[in-house]
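Undergrad:
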Amino acid sequence: MKNKFFDILSAALSELSYPLDNIIIQIPKNPNHGDFTTNYPLINSKKIGKNPIEIAELIVNNIKERENSLIKEIEFIPPGFINIKINSKKFTNELPNIIKEDSNYGKNKDGKDKRVLVEFVSANPTGPLTIGHGRNAILGDSISRIFEWNGYSVEREYYFNNAGRQMRVLGKSVYARYMELLGLDFQIPDGGYEGEYIKSISKKIIDKYGKSLIDDKDNPIFKESAEQFIFNDIKKTLKKLGITFDLFFNENDLYDNNSINNVINELENKNLIYKKDGATWFKGTEVGRDTDRVIIKSTGEPTYRLPDIAYHKNKYDRGYDLMVDVFGADHMDAYPDVLSAIKSLGFKEEKVRVLIHQFVTILKDGSPIKMSTRKANFISLDNLIDEVSADVTRFFFIMRSMNSHLNFDIDIAKEESDINPVFYIQYAHARCCNIIKKYDDDLDKIDINVLDQLTNEQETKMISKLLQFPNIIKKCIITLEPQNISNYLSELASMLHSYYAKERVVDPKNSSLSDARIYLINAVRIVIKNGLSLLKISAPEKM
RNA sequence: GCCCACGUAGCUCAGCUGGAUAGAGCAACGGACUUCUAAUCCGUAGGUCAGAGGUUCGAAUCCUCUCGUGGGUACCA
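Basically my numbering = 1-based index in the first sequence + 892.
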């Protein structure tokens, strides 16, 4: 619809020989300003060298002179806006398309033949996922889904490290609990993990090996059992949210297949590396960073930046058209180093999009809880899902912009009250379903001509809203904010509820109007369902 | 100190690449169920968009500074 107006406007502009490169068409907030508006005269008046209002008038007159069935009213308003009202019939004409496309309505093929890799979660297997990981997981998965809806071929990847210091400490912690459970002397290592789950792991080891390992504290069985146990746990939690990964990438492989060394050599060839104080440094300052960074410690162990560089190189080598990294705010300082290194290795930086989300503050009894996996004083993501359902969890994490801190009030989330907008949207869907159930005839047999009766303001606005859905999904590719979808759905649900309260849909006394309205309701149902499905939130037919 | 976000109603937050009168929900107050489900709707009240400059026809939105909050600033990940 917008495109059609765009064409009409462009035609007028070229006839007036005005520039065509700066055309913005918007949907005005104020309904008195019509269905669409453009500020073209205002932003181009300098270039054209005329008064905005003068330009507006010329454009409007030009459009008026020509025949078109799309525009019902067109006017220019000081200081230089052009507002148009669309023939409501043009809106209703689009409705059958929604019904026809059904569960595909909103999808597009813009990303056809493009492969995108979305890396997210990437929590090391040292403990259950926290609520913070939950934000990352749901954000990453929702973004993957947005790509899918835009026709991209998407791979979800989980990057992990099972070889570092943290994992060694984990193994030691398991050993300590193993000894404890056997009633022997034990000592929790410095900075060891204290969660209950450690004991569960130790117990499993006892079940299997008994006391045979008491003098074998460095036996890899401790670390490996822990890793296996925890990873299963993590996958189980993710599955509850409907998230599965296509790939698990082990950082260790980068060492085994020499990628790390190769990166060092390449950087060395580019003269971006030097030794100082026994460590190996990356010349960040050479590539526009504030400071140089250690990439290999004097102990010979790389810092996390080095494998990260190798990892990204690996992704490039796999030939993706786009790579998305979803990180928590704690990576803020690290990724620019990685990107600049990647760039200096000759890769295109633009192929990587780094999404940084802020942290989640958990509020309980009104005050924030400090969380640490190590101290195990966190509320696990798994617990949260069990308490408030996967739907609510998913919605809660994407309804806020990723770059604002999220206050997660446990007490409110648990309440499952009407505070939570996900119910509002789901209820709108259930309502549509219920109305449709009350309708006796066959939806497929409705004569499309009856749709002309959908002329009241609420109806026109709602149809216009439905028609925006595909654009919202396209827009999300630019913003990569799933929030755009949840906002849209809330607005649509609100329109539906309001309409429902005011107008009778199925009215036996007026069957032709009923037909038209039920047709509309069915379209609303489809759009809400598709939106929720994109977000992997259920759309109940009954509540 | 330096870097990056954020600061919008009492609370939690929307606000699209700058647009016309800044919006929801919760909380408060007043209404609406013999009706297609009231998990809903309608109305009232609530604002110096942190503050100060700047850019321009026009700023919550862009730029600069100040203040405040969070995060980062390790040879931790």
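By construction, the Cβ of each residue, glycine as well, lies at the ideal position given by its N, Cα and C atoms.
Which term fits Glu1373, buried or exposed, when burial requires 16 or more other beta carbons within 10 angstroms of its beta carbon?
TA: A residue is called buried once 16 or more other Cβ atoms fall within 10 Å of its Cβ, and Glu1373 is buried on that count.
Undergrad: Tell me the DSSP secondary structure of Met1215 in three-state form.
TA: strand
Undergrad: Identify, in the order they occur along the chain, each residue of the same chain with its Cβ nearer than 6 Å to the Cβ of Ala948, setting aside the five sequence neighbours on each side.
TA: Pro933, Phe968, Gly972, Ile974
Undergrad: Any chance the CB of Leu1247 is under 8 Å from a heavy atom of the ligand GDP?
TA: The ligand GDP is absent from the structure shown, which contains no ligand whatsoever.
Undergrad: Alpha helix (DSSP H) containing Ser906: first to last residue?
TA: In the DSSP assignment, Ser906 falls within the alpha helix (DSSP H) that extends over 894 to 907.
Undergrad: Quick one: Cα of Met1224 to Cα of Ile1248, how far?
TA: 7 Å
Undergrad: Which runs of the alpha helix (DSSP H) at least 4 residues long sit entirely within the stretch 1270 to 1311? Give them in chain order.
TA: 1273 to 1290, 1302 to 1307
Undergrad: What would DSSP say about Lys964, mapped onto helix, strand or coil?
TA: Looking at Lys964 - three-state DSSP - the assignment turns out to be strand.
Undergrad: Taking the alpha-carbon positions, what's the Phe1203 to Phe983 distance?
TA: What sits at residue 1203 in the sequence shown is Tyr, not Phe. So the alpha carbons of these two residues sit roughly 50 Å apart.
Undergrad: Arg1185 lies in the beta strand (DSSP E); which residues open and close that run?
TA: 1185 to 1188
Undergrad: Short of 6 Å in beta carbon distance, which residues of its chain neighbour Ser1430, apart from the five on each side in sequence? Order them along the chain.
TA: Asp1283
Undergrad: What does the alpha-carbon distance come out to for the pair Asp1217 and Ala903?
TA: 42 Å
Undergrad: Considering just the uninterrupted stretch of the alpha helix (DSSP H) at Ile1135, what are its terminal residues?
TA: It is not in any alpha helix (DSSP H) - Ile1135 carries neither H nor E in the DSSP assignment.
Undergrad: By Cβ distance, which residues of its chain are closer than 7 Å to Arg850, with the 5 residues on each side in sequence left out?
TA: Only positions 893 to 1435 of the chain appear in the structure, and residue 850 is not among them; the question remains open.
Undergrad: Is the Cβ-Cβ distance between Ile1328 and Ile1410 less than 9 Å?
TA: yes
Undergrad: Any contact between the stretch 1079 to 1087 and the stretch 1058 to 1071? By contact I mean 3 or more CB pairs, one from each, below 8 Å.
TA: Yes, they touch.
Undergrad: Count the other CB atoms, across all protein chains shown, that sit within 10 Å of the CB of His1297; report buried if there are 16 or more and exposed otherwise.
TA: exposed
Undergrad: Taking C-beta to C-beta, are Ile1188 and Leu1237 nearer than 9 Å?
TA: no
Undergrad: Taking only runs of the beta strand (DSSP E) that begin and end inside the stretch 990 to 1039, which ones reach a length of at least 3 residues, in chain order?
TA: 1007 to 1011
Undergrad: Assuming Tyr1316 contacts Ala1385 (C-beta within less than 8 Å), just tell me the rounded distance between them.
TA: Rounded, the Cβ-Cβ distance is 6 Å, consistent with contact.
Undergrad: Could you tell me which residues DSSP pairs with Glu1047 in its beta bridges?
TA: Leu1009
Undergrad: Write down every uninterrupted run of the beta strand (DSSP E) in the stretch 900 to 956 whose length is 3 residues or greater and which is fully enclosed by it, in chain order.
TA: 928 to 930
Undergrad: Rounded to the nearest angstrom, what separates Arg958 and Ile966 at their Cα positions?
TA: 12 Å
Undergrad: Using 8 Å as the threshold, is the stretch 1395 to 1407 in touch with the stretch 1005 to 1022, meaning 3 or more CB pairs across them?
TA: no
Undergrad: Where do the ends of the alpha helix (DSSP H) carrying Leu1247 lie?
TA: Not the alpha helix (DSSP H): Leu1247 falls in the beta strand (DSSP E), residues 1244 to 1249.
Undergrad: Roughly how many angstroms separate the alpha carbons of Glu1072 and Asp1274, rounded to a whole number?
TA: 27 Å
Undergrad: Met1387: buried (16+ other C-beta within 10 angstroms of its C-beta) or exposed?
TA: buried
Undergrad: Only counting the same chain, and skipping five residues up and downstream in sequence, which positions put a Cβ closer than 7 Å to that of Gly1220?
TA: Gly1024, Asn1028, His1249, Phe1251
Undergrad: Tell me the residue span of the beta strand (DSSP E) that contains Phe983.
TA: Note, Phe983: premise wrong, no beta strand (DSSP E); alpha helix (DSSP H) at 980 to 984.
Undergrad: Quick check on the DSSP output: the alpha helix (DSSP H) that includes Ile1338 runs from which residue to which?
TA: Per DSSP, Ile1338 belongs to no alpha helix (DSSP H) and is neither H nor E.
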